[in-house]
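**Student:** According to the numbering used here, the sequence shown holds residues 10 to 358 in order.
Cβ atoms here follow ideal geometry from the backbone N, Cα and C, with glycine treated the same way.
In this text, all values refer to a predicted model and were calculated from it rather than measured experimentally.
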Amino acid sequence: MKTKIVMLSEKAPDENVIKEAGKVIRDGGLVAFPTETVYGLGANALNREAVAKIFEAKGRPQDNPLIIHVGDYNINPYVKNIPTVAKKIMNKFWPGPITIILEKTDLIPEVTSANLSTVGVRMPQNSIAVNLIKASGVPIAAPSANISGRPSPTDMESCVEDLEGKVDYILGGENSIVGVESTIVDCTVSPICILRPGAITLEMLREIEDQVYIDPSVLSKPTKDFKPKAPGMKYRHYAPKAPVKIVDGDIDKVVAKINEMVLNYIEQGKNVGIIATDETKNMYNRGTVVSVGARCDIEDVGKNLFRVLRGFDSLDIDIILCEAFEEIGVGTAVMNRLKKSAGFNILNV
Ligand code: TXA
Ligand code: MG
Numbered sequence: 010m011k012t013k014i015v016m017l018s019e020k021a022p023d024e025n026v027i028k029e030a031g032k033v034i035r036d037g038g039l040v041a042f043p044t045e046t047v048y049g050l051g052a053n054a055l056n057r058e059a060v061a062k063i064f065e066a067k068g069r070p071q072d073n074p075l076i077i078h079v080g081d082y083n084i085n086p087y088v089k090n091i092p093t094v095a096k097k098i099m100n101k102f103w104p105g106p107i108t109i110i111l112e113k114t115d116l117i118p119e120v121t122s123a124n125l126s127t128v129g130v131r132m133p134q135n136s137i138a139v140n141l142i143k144a145s146g147v148p149i150a151a152p153s154a155n156i157s158g159r160p161s162p163t164d165m166e167s168c169v170e171d172l173e174g175k176v177d178y179i180l181g182g183e184n185s186i187v188g189v190e191s192t193i194v195d196c197t198v199s200p201i202c203i204l205r206p207g208a209i210t211l212e213m214l215r216e217i218e219d220q221v222y223i224d225p226s227v228l229s230k231p232t233k234d235f236k237p238k239a240p241g242m243k244y245r246h247y248a249p250k251a252p253v254k255i256v257d258g259d260i261d262k263v264v265a266k267i268n269e270m271v272l273n274y275i276e277q278g279k280n281v282g283i284i285a286t287d288e289t290k291n292m293y294n295r296g297t298v299v300s301v302g303a304r305c306d307i308e309d310v311g312k313n314l315f316r317v318l319r320g321f322d323s324l325d326i327d328i329i330l331c332e333a334f335e336e337i338g339v340g341t342a343v344m345n346r347l348k349k350s351a352g353f354n355i356l357n358v
C-alpha cells in the first residue's frame with residue numbers, strides 16, 4: 010500500500026489535507042496522527058472492517074481493546090451511563106491526556122472493545138487530532154501508532170518507520186509534548202481505579218475525587234493473583250530490542266553500581282547503553298550514554314522516554330542499564346513504562 014505522508018503545522022493545519030484524511034477515516038481507511046501523548050493509528054471506531062485493519066497493521070493481539078477518540082463532550086451515543094465522577098474528570102481534564110472507561114452501547118462494535126462490555130473514551134487536545142476527528146465525523150479508534158510491543162512513537166519519523174506501507178495516511182506534527190500515553194481511569198468501579206498512569210496523575214485526580222485506587226499491576230509485576238485490568242498492560246511492552254535493567258536507590262549509589270556493571274559487561278565483550286539524566290550523564294565514562302532529560306523535571310523525562318528507548322534499536326547495543334525515578338507525579342508513569350520495558354528487571358542498591 011502506498012502511504013501518503015504529510016507534515017502539518019499544529020497552529021494552522023492545512024484544511025484540505027485534514028478534510029481528505031477525515032474522509033479516509035470515514036470511508037474505512039487508516040490514518041496515523043499526532044496527539045499530545047503519543048502518535049495514534051486511527052480508524053472509524055464504528056466500522057468493524059476498518060478497526061480490524063488496525064489490529065492487522067500493528068500485529069496487535071485481538072484481545073486488546075482500543076480507545077475511542079472524540080471531538081466533543083456528547084459521548085452519550087457510545088456509553089450507557091456517565092457517573093458524576095466521570096463528568097468531573099471530563100470537565101476538568103478534557104481535552105487532554107486522560108481516558109475514561111465506561112459501559113459501552115451497542116454502537117461500539119465488539120472488535121473495537123475486544124468483546125468487553127466497556128469502552129475507553131478520550132478527547133485529545135492536539136489541534137491536528139481534534140480537527141481530524143471533527144473532519145471524519147465519527148469517533149476514531151486509535152491505539153499508539155507503533156508495531157505492537159515497541160515503544161510508542163512520539164514523532165513522525167518513528168510513525169513512518171513502523172507504519173509506512175501499512176496505512177493510507179500519516180499526518181505529521183510536532184513531537185508529542187507529553188510523551189507517555191494517556192492516564193486510563195476505570196469509572197465503572199467505585200472507587201475509580203487507575204489502570205495506566207499518565208500525565209494526569211493520582212495526585213491530580215485526588216483533588217477532585219477523595220477515593221482513587223491504583224491497579225496493583227501499575228507498580229508491581231503482575232502475578233497469578235492479580236492480572237492487569239487493562240488487557241494491553243499484560244504484554245511485554247515499550248521494549249527496545251536489547252534487554253533493559255533498572256537500577257534503583259540513592260543516585261550516587263546507582264551511578265556507582267551502573268559504572269561497575271558497565272565494566273563487567275565490557276569485559277564480557279558486550280556493548281552497553283546507559284539511560285542517564287542531565288545531572289548524571291557526565292558521571293559515566295564507558296558505554297553509550299544517553300540522557301533522558303533533567304531528573305529535576307520529570308515531565309521532561311516522560312517526554313523523551315520513548316524516543317530514547319527507540320533510539321537504542323538503531324545502535325549496536327547488547328544491554329541497556331537505566332537509572333530509576335521516584336514514583337510520584339508523572340514519575341509513576343515513567344517508572345510504569347520503564348518497568349514494563351525491563352520486564353520488571355530491577356536491581357535495588
Ligand atoms: O494516549 C493514548 O491513550 C494513546 C493515544 C493515541 O491516544 N493511545 C493508546 O492506545 O495508548 P493503546 O491502544 O496503545 O493503549 C490502550 C490501553 C491498552 O492497554 C488497552 O488494553 C487499554 O488501554 N484499554 C482500552 N480499552 C479498555 C477497556 N475497556 N478496559 C480496560 N482497558 C482498556
Ligand atoms: Mg500502545
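If you measure between the beta carbons of residue 150 and residue 84, is that distance less than 7 Å?
**Tutor:** Their beta carbons are not under 7 Å apart, which means residue 150 does not touch residue 84 by this criterion.
**Student:** So the candidates are 72, 140 and 54; which of them puts its Cα closest to the Cα of residue 118?
**Tutor:** Nearest C-alpha to residue 118: 54.
**Student:** Cβ atoms of residue 354 and residue 233: under 7 Å apart, would you say?
**Tutor:** Cβ atoms of residue 233 and residue 354: not closer than 7 Å.
**Student:** Scan the segment 98-185 and note each continuous alpha helix (DSSP H) run of 4 residues or more that stays entirely inside, going in chain order.
**Tutor:** Qualifying alpha helix (DSSP H) stretches, in chain order: 119-122, 136-145 and 165-172.
**Student:** Closest by CA to residue 131, which one among 108, 148, 138 and 124?
**Tutor:** Among 108, 148, 138 and 124, the Cα nearest to that of residue 131 is on 108.
**Student:** Restricting to Cα atoms, I'd like to know which of 48, 29 and 330 is closest to residue 183.
**Tutor:** Closest by alpha carbon: 48.
**Student:** Compute the minimum distance between the beta carbon of residue 152 and the heavy atoms of the ligand MG, and state whether it is under 6 Å.
**Tutor:** Yes - the ligand MG has a heavy atom lying nearer than 6 Å to the Cβ of residue 152.
**Student:** Beta carbon of residue 357: closer than 6 Å to some heavy atom of the ligand TXA?
**Tutor:** For the ligand TXA, not one heavy atom lies less than 6 Å from the Cβ of residue 357.
**Student:** For residue 28, report the span of its alpha helix (DSSP H) as first-last.
**Tutor:** Note, residue 28: alpha helix (DSSP H), 24-35.
**Student:** Between residue 120 and residue 243, what straight-line distance do the alpha-carbon atoms span, to the nearest angstrom?
**Tutor:** Cα-Cα distance, rounded: 19 Å.
**Student:** Between residue 339 and residue 317, how many whole angstroms is the CB-CB distance? I'm expecting something under 8 Å.
**Tutor:** Contact flag wrong, Cβ pair sits at about 15 Å.
**Student:** Check whether the Cβ atoms of residue 189 and residue 38 lie closer than 7 Å to each other.
**Tutor:** No; because the gap between Cβ atoms is not below 7 Å, this pair is not in contact.
**Student:** With burial defined as no fewer than 16 other Cβ atoms inside 10 Å of the residue's Cβ, what is the status of residue 93: buried or exposed?
**Tutor:** Label assigned to residue 93: exposed.
**Student:** Return the CA-CA distance between residue 43 and residue 176, expressed in angstroms with no decimal places.
**Tutor:** Cα to Cα, the separation comes out at about 15 Å.
**Student:** Report buried or exposed for residue 82, applying the criterion of at least 16 other Cβ atoms within 10 angstroms of its Cβ.
**Tutor:** Exposed, by the Cβ-count rule.
**Student:** Does the segment 23-38 come into contact with the segment 129-147, if we say contact requires no fewer than three beta-carbon pairs (one atom in each stretch) closer than 8 Å?
**Tutor:** Yes: at least three Cβ pairs fall under 8 Å.
**Student:** Can you give, in chain order, each stretch of the alpha helix (DSSP H) that sits fully within the segment 189-213 and has at least 4 residues?
**Tutor:** Listed in chain order, nothing qualifies, since the segment 189-213 has no complete alpha helix (DSSP H) run of 4 or more residues.
**Student:** Which residues does DSSP list as the beta-bridge partners of residue 287?
**Tutor:** Bridge partners of residue 287: none, in fact.
**Student:** Output the distance between the C-alpha atoms of residue 309 and residue 303, rounded to the nearest integer angstrom.
**Tutor:** Rounded to whole angstroms, residue 309 to residue 303 spans 7 Å at the Cα level.
**Student:** Quick check: does the Cβ of residue 225 come within less than 6 Å of any heavy atom belonging to the ligand TXA?
**Tutor:** Not under cutoff, so the answer is no.
**Student:** On the CB-based measure, 16 or more other CB atoms within 10 Å of its CB, does residue 185 come out buried or exposed?
**Tutor:** It is buried - the Cβ of residue 185 has at least 16 other Cβ atoms within 10 Å.
**Student:** Nearest-angstrom Cα distance between residue 239 and residue 323?
**Tutor:** If you take the alpha carbons of residue 239 and residue 323, they lie about 30 Å apart.
**Student:** Would you decide whether residue 229 is buried or exposed? Buried here means 16 or more other CB atoms lie within 10 Å of its CB.
**Tutor:** Exposed is the call here.
**Student:** From this set, 179, 341 and 284, which residue's C-alpha is nearest residue 15's C-alpha?
**Tutor:** Of 179, 341 and 284, the residue nearest in Cα terms is 179.
**Student:** Answer with buried or exposed for residue 171, where buried requires no fewer than 16 other C-beta atoms within 10 angstroms of its C-beta.
**Tutor:** Burial call: buried.
**Student:** Which whole-angstrom value describes the C-beta separation of residue 116 and residue 31, a residue pair presumed to lie in contact below a C-beta threshold of 8 Å?
**Tutor:** The Cβ separation is near 19 Å, so there is no contact.
**Student:** Helix, strand or coil for residue 217? Go by DSSP, reduced to three states.
**Tutor:** The answer is coil: DSSP assigns residue 217 none of H, G, I, E or B.
**Student:** What do you reckon, are the CB atoms on residue 264 and residue 297 nearer than 7 Å?
**Tutor:** Cβ distance not < 7 Å, so residue 264 and residue 297 don't count as in contact.
**Student:** Any heavy atom of the ligand TXA within a distance shorter than 6 Å of the CB on residue 242?
**Tutor:** It does: the Cβ of residue 242 is within 6 Å (strictly closer) of some heavy atom of the ligand TXA.
**Student:** Which residues in the same chain as residue 104 place their Cβ atom closer than 8 Å to its Cβ, once the five residues preceding and following it in sequence are excluded?
**Tutor:** These residues qualify, in order along the chain: 132, 133, 134 and 139.
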